[in-house]
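When we follow our numbering, the leftmost residue of the sequence shown carries the number 2, and every step to the right adds one. We put the CB at the ideal spot given by N, CA and C, even for glycine. For clarity, every value in this text was computed on a predicted model and none was experimentally measured. Here is the structure we will look at, set down as C-alpha cells.
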Amino acid sequence: MRALVTGVAGFVGSHLADALLARGERVVGVDCFTDYYDPVEKRTNLATARTRAGFELVERDLADGSLSEVLDGIDVVFHQAAQPGVRLSWSDGFAAYVHHNVVATQRLLEAVVDARTPRVVYASSSSVYGQQPRYPTRETDLPAPHSPYGVTKLAAEQLCGAYARNFAVGVVSLRYFTVFGPRQRPDMAIHRLCEAAITGSPFRQFGDGLQNREFTYVDDIVAGNLLAADSEVEPGTVANLAGGGEIALRDLIALVEEVSGTAVTVEHQPAQPGDARRNGGAIDRARELFGWEPRVTLREGIERQLAWHRARVTR
C-alpha cells in the first residue's frame, strides 16, 4: 500500500507514519511546518520516519499549488493536517483556521476526485459537539461547536460528506477525543502538566478545574485510523474515537502528581472562551464498524508520556 499522510510532522501524523512504515507500507508525508509551535520540534517528530527507505517528505501547503503529483499512485489518504487549538481561533486568528482546515481540505478532496483515490480517513474532532445536553455524545447528536476551531473542523467534516455523496469518495471521518502521549503538542494540558512535574515550572489551570475531558492515547488513535482505512464502510461514515479516560482537570493534576511522584504548582487563570465544559464519546459505532477498542488506560498513557518528557530533558 502507498499512503499519503498530511500533517505528517505533527503529533498524530508522525505516529501514524511510523506505524505504516513499521508494517512495510510506503508513505508520502506532506507538511507545511506552520509556526503554531516550533517547527524544529515537528522535524524531530520525523526522526524515525526519515531513516526509512519507504518514506518521502513533501513540504507543501495543501491550500496552495498542485496536489496531483503527491496523490499519484496513492491508495489511501490519512488527512491529519489542520490548524489546531481552540483559544487562538478567535478574532484575527480565524483566517488561518479557515485556510488550513477548510480550504486545504476542499482542495485535497478535489485532488482525490481527480486521482480516483479509493479511501480517505479524515481526522475530525470532538470539538464539533461543543456543549451537549447529554453524555456520552453519539454521532447522531446535533453538532454545536463552541469555538471557531470547532466550526472549521465541522465544516471540513461536512465537506467530506458532500464529496462522499456527490462523487462517491470513500471517506471516513474520525472524531478524536483529546489525544495524548509522546510528541503531544506543547499547548495541551497533559504536556504542560508533565513538564511542570519534571521541571518544577507552574501549570496554568484555566477555569475552576471541574471541566471534564475524555483522553485517548495516541497509539489507539493510530490503530483506529488503520482499521478505518482497511474496513469496508459506507462513504461519508463518521465515528467517535474515545479512549474511556474521562476525568476532571483537578483529578488529572492529582493523577500526574501521583504517577510522577512530584507535586505540581498550579497557577490559576480565568476560564477561556471556547473551552467546552465536558467531552465524552460513545464508541459503539467504531466498535461495530472497525472492531476498534481503546487499549491504553489513562494512567498507563501518562506513565509513557512522562517517560518521553524525561528523555527529552536528558537529550
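Under 8 Å between the Cβ atoms of residue i and residue j?
i	j	result
SER128	SER148	yes
ASN102	LYS43	no
GLU26	ALA4	yes
ALA190	LEU250	yes
PHE12	ARG186	yes
ARG176	GLY282	yes
ALA169	SER261	no
GLN81	LEU17	yes
Please classify residue i: is it buried, with 16 or more other beta-carbons within 10 angstroms of its beta-carbon, or exposed?
i	result
THR200	exposed
LEU89	buried
ARG300	exposed
VAL29	buried
ASN167	exposed
SER92	exposed
GLN273	exposed
Take residue i as the anchor and find which of the options has the nearest alpha-carbon.
i	options	result
VAL77	ALA116, ALA163, GLY66	ALA116
ALA112	GLY94, TYR130, ALA83, LEU72	LEU72
ALA145	GLN132, PRO137, TYR136	GLN132
LEU58	VAL99, ASP93, VAL239, GLY14	GLY14
TYR130	GLU304, VAL297, ASP276	ASP276
VAL31	GLN206, ASP39, TYR38, SER69	SER69
GLY162	VAL122, PRO40, LEU194, ARG53	VAL122
TYR164	VAL114, PRO40, ALA312	VAL114
GLU294	VAL314, ASP252, VAL223	VAL223
Closer than 8 Å, CB to CB, is residue i near chain D or not?
i	result
ARG288	In the structure shown, chain D does not exist; there is a single protein chain.
Can we say the segment 210 to 223 touches the segment 152 to 169, given the rule of at least three CB pairs closer than 8 Å?
no
3 or more residues per run - each beta strand (DSSP E) lying fully within the segment 160 to 242:
172 to 177, 204 to 207, 213 to 218, 238 to 242
Is the segment 227 to 246 touching the segment 266 to 275, taking contact as three or more C-beta pairs under 8 Å?
no
Can you list, in chain order, the stretches of the alpha helix (DSSP H) that have 4 or more residues and sit fully within the segment 58 to 123?
95 to 98, 105 to 116
Scan the segment 232 to 310 and note each continuous beta strand (DSSP E) run of 3 residues or more that stays entirely inside, going in chain order.
238 to 242, 246 to 249, 267 to 270
Please give the ranges of any alpha helix (DSSP H) in the segment 19 to 54, keeping only runs that are unbroken, at least 4 residues long and fully inside the region.
40 to 46
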